[in-house]
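Since the structure comes first, as structure tokens, the remarks are kept for the end.
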Amino acid sequence: MRTQLQELRQLASRAENRRTETGIPRVAMVQGEIPEHQLAAVYDPMVNLILRGSKTMTVGDRTFRYDPATYFVMSVDLPAVGSVHPSENGEPYLAISLTLEPAILANLLADLPKPAGGELYSPGFSVAPVTPDLLDAWLRMLRLMERPNEIAALAPAYEREILFRVLQGPLGWLLRDIATPDTALSRIGIAIQWIRGNFAKPLRVEALAEMAALSVSAFHRHFKAVTALSPLQYQKHVRLLHARSLLIAGEGNATSIAFGVGYESPNQFSREYARQFGLPPSRDVARLRQKGPRNAEHLLAISNG
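Per this note's numbering, the very first residue in the sequence shown carries number 1; after that it's consecutive.
As structure tokens, then:
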């Protein structure tokens, strides 16, 4: 696997310290020190492979650390805190990711034998050891960056192979449940999408449970198992992340933005913001701006790294 990793690192060496598009649909890369040490974002469903260095990911009260011997699967949109670290010899962090598309997964699953269902009350994210076959599929995909005229013809096949290799591994059930109707994970995903699109509105757990076709108690258990957060905590995290990005971009003051993301009390917003990010809004934004104007981009654009 060492030779495979070395070639992948060379292919991805043009990545910047921000989400860098490869020209291949849904495939991105990132390299170097992320300005925000503990990067907070709503992460899209993805398969993330570390090529150099390591990454720590915290979702709710659960923390994972992964390195070039592992890959990370996130099957639902999750607000998380990530921190990246260089390799032991000081070389910069380097990673590639594939954003998951449920329609592509469903098409692939239609060609495969139907396995047993997913685990009950299981998280929507986890880490697993990488395999030579998975690295080989990634190699063929990234080599297309040097042959862009072949992307349209070959990238779909290589994407299917990457997904197939993940499906055959210990985290395969996560991918299956994304694209399989009536699994607990897919039902919770419906509620998550509603919260992300309507985070400023009042949240009624009973309505979300009905949307997911679950009892209120079952909905709570599944939601907490999948996201490591309660529905209200999830909404709060999304509100605060969105508010932070607006503040950094200078699109209003703390009071107007607090009301805009759904808070009824600016004081409550300031307290919860400080609890989440370590400083009240004005001081946090001043600190981030001192680190450079591109921090706002990182908070929004690097959530697939």
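Cβ coordinates follow ideal geometry from the N, Cα and C atoms, glycine included.
query = Helix, strand or coil: which one does DSSP assign to Val-261?
reply = Coil.
request  = Take Glu-206 as the anchor and find which of Phe-125, Gln-290, Ala-218 and Ala-157 has the nearest alpha-carbon.
outcome  = Ranking the options by Cα distance to Glu-206, first place goes to Ala-218.
ask   = Using the beta-carbon count (16 or more within 10 Å), is Arg-147 buried or exposed?
value = Exposed, because fewer than 16 other Cβ atoms sit within 10 Å of the Cβ of Arg-147.
inquiry  = Could you check whether Ala-200 and Gly-260 sit closer than 8 Å to each other, using their CB atoms as the reference points?
reply    = Against a cut-off of 8 Å, the Cβ pair of Ala-200 and Gly-260 comes out as a contact.
ask   = In chain order, what residues of the same chain have a beta carbon less than 7 Å from the beta carbon of Val-285, not counting five sequence neighbours either side?
value = Sequence-distant Cβ neighbours of Val-285 in its own chain, meaning closer than 7 Å and more than five residues away, are Leu-247 and Ile-248.
inquiry  = According to DSSP, is Met-1 part of a helix, a strand, or is it coil?
reply    = In the displayed model, Met-1 falls within coil according to three-state DSSP, outside both helix and strand.
task = Please state whether DSSP places Ile-248 in a helix, a strand or coil.
result = DSSP places Ile-248 in helix when its eight states are reduced to three.
query = Mind checking Asp-182: buried by the 16 CB within 10 Å criterion, or exposed?
reply = Result: exposed.
Alpha-carbon to alpha-carbon, Ile-24 and Asn-149 = When rounded, the distance between both Cα atoms is 11 Å.
key: Residue span of the alpha helix (DSSP H) that contains Lys-201, given as start and end   = Per DSSP, Lys-201 belongs to no alpha helix (DSSP H) and is neither H nor E.
query = According to DSSP, is Ala-301 helix, strand or coil?
reply = Legend: pLDDT at Ala-301 = 39, less than 50; position of this residue unreliable, no value from coordinates given.
query = Where does the unbroken beta strand (DSSP E) through Gly-82 begin, and where does it stop?
reply = In the DSSP annotation of this structure, the continuous segment of the beta strand (DSSP E) that includes Gly-82 starts and ends at 78 to 85.
ask   = How long is the line joining the alpha carbons of Ala-243 and Ala-137, rounded to whole angstroms?
value = Between Ala-243 and Ala-137, the alpha-carbon positions lie close to 39 Å from each other.
inquiry  = Spatial neighbours of Met-74 within its chain, please: C-beta separation below 6 Å, excluding the five flanking residues on both sides.
reply    = Setting aside the 5 residues that flank it on each side, Met-74 is surrounded in the same chain by Tyr-43, Pro-45, Met-46 and Phe-125, each with a C-beta closer than 6 Å to its C-beta; the list follows chain order.
ask   = Closest by CA to Ser-282, which one among Gln-268, Arg-275 and Asn-253?
value = Among Gln-268, Arg-275 and Asn-253, the Cα nearest to that of Ser-282 is on Asn-253.
ask   = Roughly how many angstroms lie between the CA atoms of Ser-13 and Leu-203, to the nearest whole one?
value = A direct Cα-to-Cα measurement between Ser-13 and Leu-203 gives close to 44 Å.
Under the three-state DSSP convention, the category Ala-71 falls into = It is Tyr, not Ala, that sits at residue 71 in the sequence shown. For Tyr-71, the three-state secondary structure derived from DSSP is strand.
request  = Output the distance between the C-alpha atoms of Ile-188 and Leu-154, rounded to the nearest integer angstrom.
outcome  = As the crow flies, the alpha-carbon of Ile-188 is around 33 Å from that of Leu-154.
request  = Answer with buried or exposed for Ala-80, where buried requires no fewer than 16 other C-beta atoms within 10 angstroms of its C-beta.
outcome  = Here Ala-80 is buried, its C-beta having at least 16 other C-beta atoms within 10 Å.
ask   = So what's Glu-88 in DSSP terms, helix, strand or just coil?
value = Of the three classes helix, strand and coil, the one that applies to Glu-88 here is coil, per DSSP.
inquiry  = Starting from Val-216, trace the beta strand (DSSP E) in both directions and tell me its first and last residue.
reply    = Counted as a single uninterrupted DSSP element, the stretch harbouring Val-216 is not any beta strand (DSSP E) but the alpha helix (DSSP H) occupying residues 216 to 227.
query = In whole angstroms, what is the alpha-carbon distance linking Tyr-121 and Ala-225?
reply = Residue placement at Tyr-121 cannot be trusted, given a pLDDT of 48 that sits under 50; what the coordinates show is reported in the next sentence. Rounded to whole angstroms, Tyr-121 and Ala-225 show a C-alpha spacing of 5 Å.
message = Which same chain residues end up closer than 7 Å to Gly-172 when comparing Cβ atoms and leaving out the 5 residues on each side of it in sequence?
response = Here the set comprises Val-166.
inquiry  = Which runs of the beta strand (DSSP E) at least 3 residues long sit entirely within the region 114 to 185? Give them in chain order.
reply    = Runs of the beta strand (DSSP E) inside the region 114 to 185: 125 to 129.
key: For Asn-107, the first and last residue of its enclosing alpha helix (DSSP H)   = In the DSSP annotation of this structure, the continuous segment of the alpha helix (DSSP H) that includes Asn-107 starts and ends at 102 to 109.
key: Rounded separation between Leu-49 and Val-216 - CA only   = Their Cα atoms are separated by approximately 36 Å.
request  = Using three-state DSSP, classify Thr-20 as helix, strand or coil.
outcome  = In this structure, Thr-20 counts as strand in the three-state DSSP scheme.
task = Would you mind stating whether Pro-102 and Ala-179 have Cβ atoms separated by less than 8 Å?
result = Yes.
query = Is it right to say Thr-227 is buried, meaning 16 or more other beta carbons lie within 10 angstroms of its own, or is it exposed?
reply = Its Cβ being crowded by 16 or more others within 10 Å, Thr-227 is buried.
ask   = Looking at the structure shown, is Arg-14 part of a helix, part of a strand, or coil, going by DSSP?
value = Residue state for Arg-14 is assigned as coil, using DSSP reduced to three classes.
query = What are the boundary residues of the alpha helix (DSSP H) that Leu-208 is part of?
reply = Taken as a continuous stretch (DSSP letters only), the alpha helix (DSSP H) holding Leu-208 covers 205 to 211.
ask   = Is DSSP giving Leu-241 helix, strand or coil here?
value = Note: Leu-241 maps to helix in three-state DSSP.
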